[in-house]
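Engineer: In order, the protein sequence lines correspond to chains E and B. Residues 0 to 127 (numbering that gives the first Met the number 0) make up the first sequence, in order. Residues 0 to 164 (numbering that gives the first Met the number 0) make up the second sequence, in order. Where a beta carbon is used, it is the ideal one built from N, C-alpha and C, also for glycine. These numbers come from a predicted model, not from an experiment. Sharing a structure here in structure tokens format.
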Amino acid sequence: MTKGIKICLVAVLTILVISAVMTAIMIEPKKVEAPQYVEIVQDNKILYRIDIRQEKDRTFRIEYPDGGWNDITIENSRIFVSDADCPDKTCIKSGELKNEHFPIICLPHRLVIRFSEQGERNENKTTD
Amino acid sequence: MKTKRLTELSLLTGLALIIFVVELRFPDIIPVPGVKLGLANIITVYAVYKYKAAEAFLLVLARVILGTLFASTFSALIYSLSGAAFCLAGMLLLHRIIPLCWMWLCSIIGAILHNTGQIAAAAVVMKSFAVFAYYPLLIIAGCIAGAFTGVCAQLVIKKTKEKRG
Chain E
0 MTKGIKICLV AVLTILVISA VMTAIMIEPK KVEAPQYVEI VQDNKILYRI DIRQEKDRTF
60 RIEYPDGGWN DITIENSRIF VSDADCPDKT CIKSGELKNE HFPIICLPHR LVIRFSEQGE
120 RNENKTTD
Chain B
0 MKTKRLTELS LLTGLALIIF VVELRFPDII PVPGVKLGLA NIITVYAVYK YKAAEAFLLV
60 LARVILGTLF ASTFSALIYS LSGAAFCLAG MLLLHRIIPL CWMWLCSIIG AILHNTGQIA
120 AAAVVMKSFA VFAYYPLLII AGCIAGAFTG VCAQLVIKKT KEKRG
């Protein structure tokens with residue numbers, strides 16, 4: 000084993016361990032209650048900021064200027080992409096938005112659906 | 000470039016494309032944008048060790064562009080290109096340090112770099128850092144996939160060496 004290999008091996012292991020720890024931390028939703036506000040962002044522009052708990056159940060379509068669309072459904076204070084015309088359908092398979100760290104992302108349509116901190120803060124939100 | 004060399008590279012490109020198209024049929028393991036087994040990268044790793052830098056570059060370029068055409072996901076081209084560029088640059092440098100029997104390590108680093116390039120391109124295109132949330136997850140997936148493709152490529156090189164004696 001040469002020195003070069005050792006350096007590479009240690010580097011890979013370090014990166015892997017850091018990633019594993021970060022994923023483990025991020026995958027666990029910190030807050031007891033999901034945040035209240037949801038932002039729908041396209042091309043870094045906020046299209047909607049929704050108070051998810053007060054929103055009525057509905058489905059609406061977001062058109063992408065260069066063609067393409069995503070159908071977003073709000074149901075019982077949950078939000079998910081119900082249909083889209085992108086080839087990979089990753090946004091649909093991601094399911095509902097559960098975790099403040101992992102937004103729903105549609106790469107082809109440059110769409111991000113994420114929780115937002117905007118709005119009144121809850122006291123127990125910072126305990127983790 | 001000699002005709003024989005050209006033919007070999009074309010065959011490898013064809014092989015990589017076949018693997019790529021077959022892999023398109025695989026269901027997603029986890030619904031995270033960018034996570035893939037990337038079996039076609041067996042050919043990339045193989046080419047990095049068997050051919051000159053320029054030749055490996057041409058092979059990968061042809062594979063990525065043709066692959067995008069076959070998959071008809073044009074929006075994905077920029078992510079694939081950026082990922083492939085990072086991956087190839089890293090592996091071409093590293094294969095001087097890392098000998099054949101450690102090929103899988105080179106492949107893992109290549110996979111990590113691939114994901115880095117991909118996610119950087121995604122952040123630029125989407126003008127948002129939201130995608131970086133998936134970076135740690137992508138690295139883990141990349142390490143697993145990279146180790147697998149690396150071992151496969153290593154076996155292929157070993158077998159061809161045995162055949163040729």
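(1) Taking 7 Å as the limit between beta carbons, can you name the residues of its chain near B/Val23, skipping five residues before and five after?
(2) Determine the contact status of E/Ile78 and E/Ile112, defining contact as a CB-CB distance below 8 Å.
(3) The alpha helix (DSSP H) spanning E/Ser76 covers which residue range?
(4) According to DSSP, which residues form a beta bridge with E/Glu38?
(5) I need the DSSP call for B/Thr148, collapsed to helix, strand or coil.
(6) Out of B/Ala140, B/Tyr134 and B/Trp103, which one is the CA nearest neighbour of B/Ile156?
(7) Determine, using beta-carbon pairs with one atom in the segment 131-148 of chain B and one in the segment 11-18 of chain E, whether at least three such pairs fall under 8 Å.
(8) Run through DSSP, which three-state label would E/Asn98 get?
(9) Do B/Gly145 and B/Ser106 count as a contact pair if the criterion is CB distance below 8 Å?
(10) Whole angstroms is fine: what's the gap from E/Phe59's alpha carbon to B/Ala110's?
(11) Under three-state DSSP, which class holds E/Arg43?
(12) Within the 8 Å Cβ cut-off, does B/Tyr133 reach chain E?
(13) Can you grab the Cα-Cα spacing for the pair B/Asp27 / B/Phe85, in whole Å?
(14) For a test of the three-state rule: what should DSSP assign to E/Ile103, helix, strand or coil?
(15) Would you say B/Val124 reaches chain E, if we count a Cβ-Cβ gap shorter than 8 Å as a contact?
(16) Quick check on B/Gln153: buried or exposed, where buried means 16 or more other Cβ atoms within 10 Å of its Cβ?
(17) Using a beta-carbon distance cut-off of less than 9 Å, what residues from the segment 101-118 of chain B approach chain E?
(18) Once you ignore the five residues that flank E/Asn121 on each side, which residues in its own chain have a CB closer than 6 Å to its CB?
(19) Would you call the CB atoms of E/Thr89 and B/Pro30 closer than 8 Å?
(20) Between B/Ala132 and B/Met90, what straight-line distance do the alpha-carbon atoms span, to the nearest angstrom?
(21) My assumption, with CB atoms under 8 Å, is that B/Gly33 sits in contact with B/Ile118. Please give the rounded CB distance.
Structural biologist: Quick answer:
(1) For the sequence presented, residue 23 of chain B should be read as Leu rather than Val. Closer than 7 Å at the Cβ level, and outside the excluded window around B/Leu23, lie Ala70.
(2) Going by C-beta atoms, E/Ile78 is nearer than 8 Å to E/Ile112.
(3) Taken as a continuous stretch (DSSP letters only), E/Ser76 belongs to no alpha helix (DSSP H), as it is neither H nor E.
(4) Bridge partners of E/Glu38: E/Arg48 and E/Arg113.
(5) In this structure, B/Thr148 counts as helix in the three-state DSSP scheme.
(6) Here the closest residue by C-alpha is B/Trp103.
(7) Touching, yes.
(8) DSSP, read as helix, strand or coil, puts E/Asn98 in coil.
(9) Yes. Within cutoff.
(10) Cα to Cα, E/Phe59 sits roughly 38 Å from B/Ala110.
(11) Note that residue 43 of chain E is Asn in the sequence shown here, rather than Arg. Coil at E/Asn43, not helix or strand.
(12) At least one beta carbon of chain E lies nearer than 8 Å to the beta carbon of B/Tyr133.
(13) B/Asp27 and B/Phe85: Cα-Cα distance of roughly 24 Å.
(14) Looking at E/Ile103 - three-state DSSP - the assignment turns out to be strand.
(15) At least one chain E Cβ lies under 8 Å of B/Val124.
(16) Classification for B/Gln153: buried.
(17) Under the 9 Å Cβ criterion, the segment 101-118 of chain B contributes Trp101, Leu104, Cys105, Ile107, Ile108 and Ile111.
(18) Model confidence at E/Asn121 stands at a pLDDT of 41, short of 50, so the residue's coordinates are unreliable; what they give is reported in the following sentence. Around E/Asn121: no qualifying Cβ.
(19) A contact, by the Cβ cut-off of 8 Å.
(20) Looking at the two C-alpha atoms, the distance is approximately 25 Å.
(21) Rounded to whole angstroms, the Cβ separation of B/Gly33 and B/Ile118 is 7 Å, and the two are in contact under 8 Å.
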